[in-house]
Structures are given as C-alpha cells and as structure tokens.
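Accompanying notes for the structure given below.
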Amino acid sequence: MSNDDVGQNCGKKGRFSERSWEELDWDCLTNVLSKVGMESLLLAVPFVCKSWYKTSLNPLCWQNLSFPDFLPYPLFIDIAEEDDGPLSFGPFYDKFVNEYGIDRSRFSITAFVKSVVDRSNGKAIYLTLPEFCTEEALRYVSDECPLLKFLWLTDDLVVFKHSQIMPEVIGKWKLLECLILGSGLVNIVEQIGGTHNARGLSKHFEVLLTSQTPLCYNVLDRILEQTGTHCKYLSYLMIYDDSLGEVEASTIVNLLPNLKKLLVRNCRIERGSVVTLLRGCKELVLFDAKNCEGFEESDEEISKLAFRIHTYSCNSCVSRELGVLRLFSKVRKVIFMMLDL
Numbered sequence: 001m002s003n004d005d006v007g008q009n010c011g012k013k014g015r016f017s018e019r020s021w022e023e024l025d026w027d028c029l030t031n032v033l034s035k036v037g038m039e040s041l042l043l044a045v046p047f048v049c050k051s052w053y054k055t056s057l058n059p060l061c062w063q064n065l066s067f068p069d070f071l072p073y074p075l076f077i078d079i080a081e082e083d084d085g086p087l088s089f090g091p092f093y094d095k096f097v098n099e100y101g102i103d104r105s106r107f108s109i110t111a112f113v114k115s116v117v118d119r120s121n122g123k124a125i126y127l128t129l130p131e132f133c134t135e136e137a138l139r140y141v142s143d144e145c146p147l148l149k150f151l152w153l154t155d156d157l158v159v160f161k162h163s164q165i166m167p168e169v170i171g172k173w174k175l176l177e178c179l180i181l182g183s184g185l186v187n188i189v190e191q192i193g194g195t196h197n198a199r200g201l202s203k204h205f206e207v208l209l210t211s212q213t214p215l216c217y218n219v220l221d222r223i224l225e226q227t228g229t230h231c232k233y234l235s236y237l238m239i240y241d242d243s244l245g246e247v248e249a250s251t252i253v254n255l256l257p258n259l260k261k262l263l264v265r266n267c268r269i270e271r272g273s274v275v276t277l278l279r280g281c282k283e284l285v286l287f288d289a290k291n292c293e294g295f296e297e298s299d300e301e302i303s304k305l306a307f308r309i310h311t312y313s314c315n316s317c318v319s320r321e322l323g324v325l326r327l328f329s330k331v332r333k334v335i336f337m338m339l340d341l
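Residue numbers (full-length UniProt numbering): 1 to 341.
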C-alpha cells in the first residue's frame, strides 16, 4: 500500500459509507494495518492521519516482522580505496534514511532492528531477519520475541559471525514451527562478481564475519541439535547453500521426529544422507530438493523410499558437482583468504 493509495482515501467519504477512513473502527483498522507490511507501516501509514499513526503503534500491527533486504554496498574494495562506509543500504533503507533525515554515517541496522522489535512488545510471531545482520541484533530478538512461530535467518551459515551463535539462542523459541536457514549468499556473489580489482573487505562487512572456518565449527549440526532439543513444535525446515552429511541427516531423524516438511536448496547432500532422511522421518509429507548435488533425481532406491511421501520432488539434483555450488564454495574461500584464515 503506497502513500498515494492510503492518502487518497483518508478523510473522504467512502462510496458505500458515510464514515471516513479516519473513523474506521480501531480493531478493524488494526487488523488492516497488521497486513500492510513493514515498509508501509514505517513510510506510509504514519503520515496518513493521526488515528492511523496512533493505531500503527499497536503491537498487534507488528506481529509480522519481515525485514526488507538490507544490502550494504560495497562489501569488497580495492585496498587502495578509502573506506568511508556503505554508499548504499538497499532501496528500503536508503528511503528510510532520507525520509527521516538520518545521518547516513550514523545509521545502524542493529539499532533499526531493535527499534522495530520494540514496537512488537514481545508479540511477534513471524520474523525474517535482514541480511548482513549482527550478533547483537540476533541476541536481542532472541530475548524480545519469545512467541515466534516462524524464523528465517537469511545470512549464510558458514561465513557470518552471528550464525555461530544460533545454537545458543535457537532454544529460546519454544513455540517455533517453521525454520528457514540461509539464502543470502547470492547477494555476496553478485557484489564480488561486479567489483573489479576487489582485493579487500570493507570494514562494515569484515566486522560481521566469523574467525572460524567450517572445518572448525559445524554450525548447521549444532543448530539442528538445539532445535530438536528445545523446539518441539517444529514441523517445517528449509536449508539453503550448505552441506547435509550423514551427521546432519541422523540429527534430523533422531531429534526432529515430528518434521513434516523438509526443503533443501543449493545444497551438497550425499545419497546415503537422502536415504537416511527418507527412511527415518516417518511423519514427512513433503521432501523438496532443488539444485542439489550428491545424488541423482532418477535414483531408483530413493524414488521407492519416497513413494509413501505425499509430495516428493528433486528437480535438478545430480551426483556431480554443480556450477552454482562450486561458485559459492569459491566465494567463501575468497572471503576466508581475505580474512587470512
């Protein structure tokens, strides 16, 4: 809903009613505003009229915290360049900074996340964190959003520092039903691919990165362990851009017995791990793998095991190495090389 959409209706007589939008019942208006999304709640609704602004402060309008894409640019720089901070934060955040007259050098995604979470007053049930989030922000939402049922950590589990603390905080969301991990690596790939002579990391990017290589710390398995131990209602799991070996597959089977939907995208998953999952996840009604390497979609044994599952799909899954996964691996190696790890 845009400024024009809401502005044209405010204070005017409706076609079929003598009441104005400004006089709309409070509960009804709250229900409407809870569905318009974060961008409208921050950049449109408050400027319509006083009653809309007042209603927008109701925590019930902030149960769905789907943060827009945060895309700081640049992430990679030539070592000879001056690093004066991000030139852009992404379309929404650039607009937000301009609308509220915020000094760009002082804008903080951590402070932004905290301020929005505070509006929910502990009532948030749906949370999609922005990419390039921070450890401080993640710890904050884990304390202030105890009622979450849906969580999407968009950042890559391998390179980011705050991904390493997910095993510590995931157990706080006892009511969690749906967990999505990853998908943000593609934006890093796009930036490094479009940057010529990139030999270093920008300061605002480097501070977010982990000092531990994947060989030292398998964060995915630890997340799965803690999720299985503390999140007893979890029924939906989606994983992007990672490796699912026998260890992770066994953890899912043993600790997530109520899992009904499992989706994997751009992952390395061995044939034996797929067999373990299909045999062990007795409640599974959906298994959806796409662009994965390690097993063939035409595998006869896997197809037989999947016969009992209501919805089964493994499009573009092959036993050989896929180009996109090779690219992701290369980008991670470049980042760790720049960190001297």
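Glycine included, every Cβ here is placed at the ideal spot set by N, Cα and C.
Taking the alpha carbon of residue i as the point to measure from, which residue in the options has its own alpha carbon closest?
i	options	result
Ala237	Ser51, Val264, Ser142, Val113	Sequence inspection shows Leu at residue 237; the Ala mentioned does not correspond to that position. Considering only alpha carbons, the answer is Val264.
residue 349	Asp155, Thr154, Asp156, Thr110	Because residue 349 is not part of the residues shown, which for the chain are 1 to 341, the question remains open.
Val169	Leu157, Lys114, Ser142, Glu177	Ser142
residue 343	Phe107, Ser316, Trp52	Given a span of 1 to 341 for the chain in the structure shown, any question on residue 343 remains unanswerable.
Trp152	Ile165, Glu283, Ile180	Ile180
Gly272	Leu305, Leu286, Asn291	Leu305
Ser316	Ser108, Lys330, Ile309, Glu296	Glu296
Phe96	Leu43, Tyr73, Arg106, Pro74	Leu43
Ser108	Cys133, Thr229, Asn266, Ser243	Cys133
Glu270	Glu283, Arg320, Gly228, Lys330	Arg320
Pro74	Val285, Gly193, Asn266, Pro46	Gly193
Lys161	Cys281, Gln212, Cys178, Ser329	Gln212
Cys178	Lys232, Asn98, Asp94, Leu57	Lys232
Lys290	Phe307, Gln164, Asn266	Asn266
Lys330	Asp155, Ile188, Ser88	Ile188
Report the rounded CA-to-CA distance for residue i versus residue j, giving the unit in angstroms.
i	j	result
Met337	Leu71	22 Å
residue 343	Asp78	The question about residue 343 has no answer here: the residues shown for the chain are numbered 1 through 341.
Thr55	Ser40	13 Å
Leu127	Trp26	25 Å
Glu246	Val275	10 Å
Val116	Leu65	8 Å
Gly14	Ser120	Low local confidence applies: a pLDDT of 45 at Gly14 is under 50, so the model's placement there is unreliable, with the coordinate-based value given in what follows. Rounded to whole angstroms, Gly14 to Ser120 spans 31 Å at the Cα level.
Ser209	Pro86	Looking at the sequence itself, residue 209 is Leu, so the reference to Ser does not match. Cα to Cα, Leu209 sits roughly 16 Å from Pro86.
Asp340	Glu300	45 Å
Glu190	Leu327	11 Å
Val6	Phe112	Any reading at Val6 is ruled out, since the residue's pLDDT is 46, under 50, leaving its predicted position unreliable.
Gly11	Met38	Because the pLDDT of Gly11 is 45, which lies under 50, any placement of that residue in the model is unreliable, and the number read from its coordinates should be weighed accordingly. Cα-Cα distance, rounded: 23 Å.
Lys203	Asp83	7 Å
Gln226	Gly101	42 Å
Gly90	Arg279	44 Å
Leu255	Ala249	10 Å
Cys314	Arg199	38 Å
Asn3	Ser298	Since pLDDT at Asn3 reaches only 49, below the 50 mark, its modelled position is unreliable, and no value is offered.
Arg324	Leu157	Note on residue identity: the sequence assigns Val, not Arg, to residue 324. Cα to Cα, the separation comes out at about 17 Å.
Asp103	Glu136	21 Å
Glu206	Val32	41 Å
Asn218	Gly171	17 Å
Leu286	Cys49	46 Å
Gly228	Pro257	8 Å
Asp288	Asp118	36 Å
Ile335	Phe47	43 Å
Lys114	Leu244	33 Å
Val318	Lys35	40 Å
Ser163	Tyr312	29 Å
residue 342	Val45	The structure shown has nothing for residue 342, since the chain only spans 1 to 341.
Asp94	Ser183	22 Å
His230	Lys282	20 Å
Leu57	Ile165	31 Å
Could you tell me whether the Cβ atoms of residue i and residue j are closer together than 8 Å?
i	j	result
Pro130	Pro59	no
Arg268	Val159	no
Leu185	Asp241	yes
Leu175	Leu220	no
Glu293	Leu322	yes
residue 344	Ile252	Absent from the structure is residue 344, since the part of the chain shown begins at 1 and ends at 341.
Trp62	Ala124	yes
Leu224	Leu259	no
Leu284	Ile302	no
Gly122	Glu144	yes
Arg222	Pro167	yes
Per DSSP, residue i forms a beta bridge with which residues?
i	result
Val318	Glu293
Thr154	For Thr154, which the question treats as bridged, DSSP gives no partner whatsoever.
Arg268	Ser243, Glu293
Leu127	Leu65, Leu151
Ile77	Gly200
Pro88	A small fix is needed here, since residue 88 is Ser in this sequence, not Pro. Ser88 pairs with Tyr73.
Phe160	Leu209
Say the cut is 7 Å; is the CB of residue i nearer than that to a heavy atom of the ligand HEM?
i	result
Glu136	Inclusion of the ligand HEM in the displayed structure is not the case, the ligand content being empty and no account of it being possible.
Of all the beta strand (DSSP E) runs that stay within the bounds of the region 232-266, which reach a length of 3 or more residues?
236-240, 261-265
Quick check on the DSSP output: what are the complete alpha helix (DSSP H) runs of length 4 or more inside the region 270-316, in order along the chain?
271-280, 300-305
Extract the residue ranges of the alpha helix (DSSP H) inside the region 171-221, only unbroken runs of 4 or more that lie entirely within it.
185-193, 203-206
Counting only runs of 4+ residues fully inside the UniProt domain "F-box" (21-63), write out the alpha helix (DSSP H) ranges in chain order.
26-33, 38-43, 50-56
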